[in-house]
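In the numbering used here, the protein residues as written are 18 to 298. Structure, as structure tokens:
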């Protein structure tokens with residue numbers, strides 16, 4: 018059985034697709050004109066940009082300890098061939114991934130660019146999400162310690178901090194763990210459980226996030242992992258005070274939009290490229 022467990026609310030904005038920035042609240046508008054994702058005239062430029070962000074995403078995951086052996090994957094659609102996606106070569110540590118060793122996989126699971134193999138779980142999960150969600154350009158999944166720990170509880174995160182409000186009524190719980198995901202039908206079930214949300218907690222497994230860009234998907238994963246850590250710590254200490262729906266909605270309108278997710282990734286990208294410029298090779 019699969020289940021979604023959204024926070025109770027009557028706010029219609031909470032039903033927007035995760036990748037739709039929606040109307041900015043008055044509070045968000047006070048920040049002024051924030052930078053927005055770049056647009057490209059040539060598909061080659063768009064592809065290189067996506068691959069650079071993807072390679073950086075893996076390096077960032079490694080820096081934050083979000084690697085676990087060969088587990089984990091991030092994908093991004095190819096801008097010219099959107100039924101295919103770029104991802105990591107199976108068996109290469111996240112800290113060693115660079116633009117030149119990324120692989121492109123088609124809708125049949127065949128590697129059409131690159132000389133490595135694809136993680137079967139990456140194809141089973143990500144191909145079905147990309148198929149079910151045309152608005153999703155990128156998806157991220159790994160086996161972070163706190164996300165895994167929280168996933169065993171089989172329940173959604175609560176809006177107990179300003180940061181966790183970014184996921185208010187915008188994540189689901191997939192409660193049908195059946196072992197390592199290698200079959201497409203389980204990928205379909207995960208995609209259905211995800212729905213229009215930007216994240217899912219895969220019970221007994223870990224976290225999954227999506228976005229309109231690699232930047233967004235990676236940031237949501239990093240942020241959600243930390244929210245899991247905070248809630249685990251808070252519940253170990255006592256009973257957290259849950260933020261009201263009205264206040265959570267206001268915080269979500271500032272921190273939970275696609276633009277906010279993309280923007281929060283930019284300092285991480287700048288830092289990792291400065292520290293590890295070889296990722297662009």
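Cβ coordinates follow ideal geometry from the N, Cα and C atoms, glycine included. Predicted, not measured: the structure shown is a model, and the values here were computed from it.
So, at 6 Å on beta carbons, what are the nonlocal neighbours of residue 198 in its own chain, with the 5 sequence-adjacent residues on each side left out?
Taking the first residue of the chain shown as 1, we reach residue 198 at position 181. Excluding positions up to five away in sequence, the list reads 138, 141, 142.
In terms of residues, what are the limits of the beta strand (DSSP E) holding residue 272?
Counting from one through the chain shown, the residue named residue 272 turns up at place 255. Segment 262 to 272 is the alpha helix (DSSP H) holding residue 272; no beta strand (DSSP E) there.
Would a C-beta distance cut-off of 9 Å place residue 104 and residue 119 closer than the cut-off?
In the chain shown, counting from the first residue as 1, residue 104 sits at position 87. In the chain shown, counting from the first residue as 1, residue 119 sits at position 102. It is a contact, given that the beta carbons lie within the stated cut-off.
If you reduce the DSSP assignment to three classes, tell me which class residue 230 lands in.
Within the chain shown, the letter at position 213 stands for residue 230. Residue state for residue 230 is assigned as coil, using DSSP reduced to three classes.
Using the Cα positions of residue 283 and residue 296, report the straight-line distance between them to the nearest angstrom.
Here residue 283 refers to the residue found at position 266 when the chain shown is read from its first residue. Here residue 296 refers to the residue found at position 279 when the chain shown is read from its first residue. Straight-line measurement puts the Cα of residue 296 at about 16 Å from the Cα of residue 283.
Excluding the five sequence neighbours on either side, which residues of its own chain have a C-beta within less than 6 Å of the C-beta of residue 290, listed in chain order?
The residue labelled residue 290 in the question sits at position 273 within the chain shown. Around residue 290: no qualifying Cβ.
Residues near residue 246 in its chain [Cβ-Cβ closer than 7 Å; skip 5 each side]
Residue numbering aside, residue 246 sits at position 229 when the chain shown is read from its first letter. The answer, listed in chain order, is 163.
Residue closest to residue 74, alpha-carbon to alpha-carbon, out of 239, 248, 171
Here residue 74 is taken as the residue at index 57 of the chain shown, counted from 1. If we check each option's Cα against that of residue 74, 239 comes out closest.
Coil, strand or helix - residue 56 by DSSP
Working through the chain shown from its first residue, we reach residue 56 at position 39. Three-state DSSP puts residue 56 in coil, outside helix and strand.
Whole angstroms are fine: how far does the CA of residue 154 sit from the CA of residue 97?
Here residue 97 refers to the residue found at position 80 when the chain shown is read from its first residue. Here residue 154 refers to the residue found at position 137 when the chain shown is read from its first residue. Residue 97 and residue 154 have their C-alpha atoms spaced approximately 12 Å apart.
When DSSP labels each residue in this structure, what does residue 259 get in the three-state scheme?
Taking the first residue of the chain shown as 1, we reach residue 259 at position 242. Correct three-state label for residue 259: coil.
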